[in-house]
Amino acid sequence: MAHAGESLLSLLRDGAIELTPERTTALLSLVDAVRQMLASIETSGKEGERNDGELIETLKKLQKDGTESGETIKAPQEGKKEAGKEIKAERVESAENAEKNVEEPGPPKQLGKILVEMGTVTPEDVAYAVQRQLEGDRRSIGEILVERGMLKSQDLMAAVQVQQAARSAVSESSIRVDVALLDRLMNLVGELVLARNQILQHPQGAQDAGLLASGQRLNLITSELQEGVMKTRMQPIGNIWSKFPRTVRDVAMSCGKEVRIEMEGKETELDKTIIEAIKDPLTHLVRNSVDHGIEAPDKRTAAGKTAGGAATPASVPRRRAN
Numbered sequence: 062m063a064h065a066g067e068s069l070l071s072l073l074r075d076g077a078i079e080l081t082p083e084r085t086t087a088l089l090s091l092v093d094a095v096r097q098m099l100a101s102i103e104t105s106g107k108e109g110e111r112n113d114g115e116l117i118e119t120l121k122k123l124q125k126d127g128t129e130s131g132e133t134i135k136a137p138q139e140g141k142k143e144a145g146k147e148i149k150a151e152r153v154e155s156a157e158n159a160e161k162n163v164e165e166p167g168p169p170k171q172l173g174k175i176l177v178e179m180g181t182v183t184p185e186d187v188a189y190a191v192q193r194q195l196e197g198d199r200r201s202i203g204e205i206l207v208e209r210g211m212l213k214s215q216d217l218m219a220a221v222q223v224q225q226a227a228r229s230a231v232s233e234s235s236i237r238v239d240v241a242l243l244d245r246l247m248n249l250v251g252e253l254v255l256a257r258n259q260i261l262q263h264p265q266g267a268q269d270a271g272l273l274a275s276g277q278r279l280n281l282i283t284s285e286l287q288e289g290v291m292k293t294r295m296q297p298i299g300n301i302w303s304k305f306p307r308t309v310r311d312v313a314m315s316c317g318k319e320v321r322i323e324m325e326g327k328e329t330e331l332d333k334t335i336i337e338a339i340k341d342p343l344t345h346l347v348r349n350s351v352d353h354g355i356e357a358p359d360k361r362t363a364a365g366k367t368a369g370g371a372a373t374p375a376s377v378p379r380r381r382a383n
């Protein structure tokens with residue numbers, strides 16, 4: 062099943078076929094099926110009793126252009142060449158930037174940039190390997206360069222080690238913490254705040270300067286600790302909004318409506334408990350806004366509106382839809 066989906070995605074990526082609502086629906090069904098498999102494997106170690114034959118056939122059928130001959134659409138060769146030239150030029154420019162030691166924030170650098178920085182290959186060599194990949198070569202850039210004699214195996218291994226070290230540094234910047242542990246830590250901080258308040262009430266009439274200074278320092282440290290612990294539970298609301306596009310699409314298709322979703326303020330942070338509490342009610346509001354708050358395309362057109370409506374989760378509590 063995954064292989065059939067990969068073949069469909071490959072044709073879409075190469076421009077051999079166009080993305081249609083039917084192909085999107087099939088790919089989303091593939092994602093659901095893979096998630097179900099992984100959940101079953103996690104609990105029982107097996108994929109479970111499944112019958113995905115119909116989905117596989119659908120994925121294979123959608124790899125065709127829908128004509129009677131059933132042949133896959135072939136992209137014009139000239140278009141492919143032009144696209145290849147543009148990508149090649151872009152890759153050369155990126156490699157030249159890497160050669161000048163231009164540091165870019167974000168994820169670890171690509172292997173081609175690392176090889177250019179190390180001086181083991183030229184930007185043109187990297188561009189050649191990228192072009193080979195565009196032409197269908199499924200090997201990595203390093204393997205292509207080694208096979209052509211443009212790169213030594215030991216130099217490739219050294220570059221791979223540099224890339225892995227960079228990825229490790231990124232992955233070590235955060236850790237997973239059990240929510241129950243955070244809850245217990247939050248309760249302890251709450252008790253500490255109460256104890257701090259009791260201590261601060263006593264030295265107000267005292268003349269001991271040392272005790273006053275210690276109380277003030279305790280107050281400062283406790284306040285900073287409380288603020289820090291509360292931040293560990295904060296999560297962007299975009300974590301639950303990420304499922305809304307799929308929800309809106311499924312409901313709109315089932316109702317025969319045209320709906321687009323607009324989301325603003327996804328970076329706004331809330332406590333994890335609040336996010337978990339509002340997730341289901343907010344999803345229900347969004348579904349209702351599509352189902353009952355937006356008219357069918359013909360009714361909207363007759364009323365002088367655009368055929369498609371907009372569902373906005375940020376404004377759902379004030380109004381259901383446009």
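Reminder that position 263 of the sequence shown reads as 324 in my numbering, one-by-one numbering, no gaps.
Cβ atoms here follow ideal geometry from the backbone N, Cα and C, with glycine treated the same way.
Tell me the rounded alpha-carbon separation between residue i and residue j.
| i | j | result |
| --- | --- | --- |
| Val223 | Ser201 | 16 Å |
| Gln287 | Val250 | 6 Å |
| Asp244 | Gly66 | 42 Å |
| Gly197 | Ala188 | 15 Å |
| Glu356 | Arg348 | 14 Å |
| Ile175 | Gly76 | 30 Å |
| Ala270 | Ile301 | 51 Å |
| Lys292 | Asp332 | 8 Å |
| Ser303 | Met324 | 10 Å |
| Pro184 | Leu72 | 28 Å |
| Thr81 | Arg307 | 15 Å |
| Glu115 | Leu69 | 15 Å |
| Val177 | Gly203 | 12 Å |
| Lys122 | Arg237 | 42 Å |
| Gln277 | His263 | 12 Å |
| Ala100 | Glu110 | 13 Å |
In this structure, how does DSSP classify residue i when only helix, strand and coil are distinguished?
| i | result |
| --- | --- |
| Gly370 | strand |
| Gln192 | helix |
| Ile282 | helix |
| Arg321 | strand |
| Gln171 | coil |
| Leu331 | strand |
| Met211 | coil |
| Arg152 | Because Arg152 carries a pLDDT of 46, less than 50, the predicted location of this residue cannot be relied on, and the following value inherits that uncertainty. Looking at Arg152 - three-state DSSP - the assignment turns out to be helix. |
| Met218 | helix |
| Met295 | strand |
| Lys125 | coil |
| Val182 | coil |
Among the options, which one has its Cα closest to the Cα of residue i?
| i | options | result |
| --- | --- | --- |
| Leu253 | Val240, Thr283 and Ile78 | Thr283 |
| Ala226 | Leu172, Thr362 and Gly369 | Leu172 |
| Arg74 | Gln97, Gln124 and Glu118 | Gln124 |
| Ile117 | Lys107, Ala87, Thr104 and Ala371 | Ala87 |
| Asp359 | Ala368, Asp352, Val351 and His353 | Ala368 |
| Val182 | Glu323, Arg257 and Leu212 | Leu212 |
| Cys316 | Asp332, Thr104 and Gly354 | Gly354 |
| Thr344 | Gly299, Arg361 and Arg199 | Gly299 |
| Thr334 | Arg209, Gln194, Thr362 and Arg294 | Arg294 |
| Lys340 | Phe305, Met314 and Thr362 | Phe305 |
| Thr85 | Thr104, Met314 and Asp239 | Met314 |
| Leu89 | Glu110, Asp239 and Leu120 | Leu120 |
So, are the CB atoms of residue i and residue j less than 8 Å apart?
| i | j | result |
| --- | --- | --- |
| Leu206 | Asp186 | yes |
| Ala63 | Val92 | no |
| Asp352 | Val309 | no |
| Ala220 | Met179 | yes |
Assuming residue i and residue j make a contact with CB atoms under 8 Å, what is their CB distance in whole Å?
| i | j | result |
| --- | --- | --- |
| Glu330 | Pro297 | 6 Å |
| Val290 | Leu261 | With 8 Å as the limit, Val290 and Leu261 do not qualify as a contact, their Cβ atoms being about 20 Å apart. |
| Glu108 | Met98 | 5 Å |
| Gly365 | Val320 | That pair is no contact at about 18 Å. |
| Arg257 | Leu279 | 6 Å |
| Ile78 | Asp126 | 6 Å |
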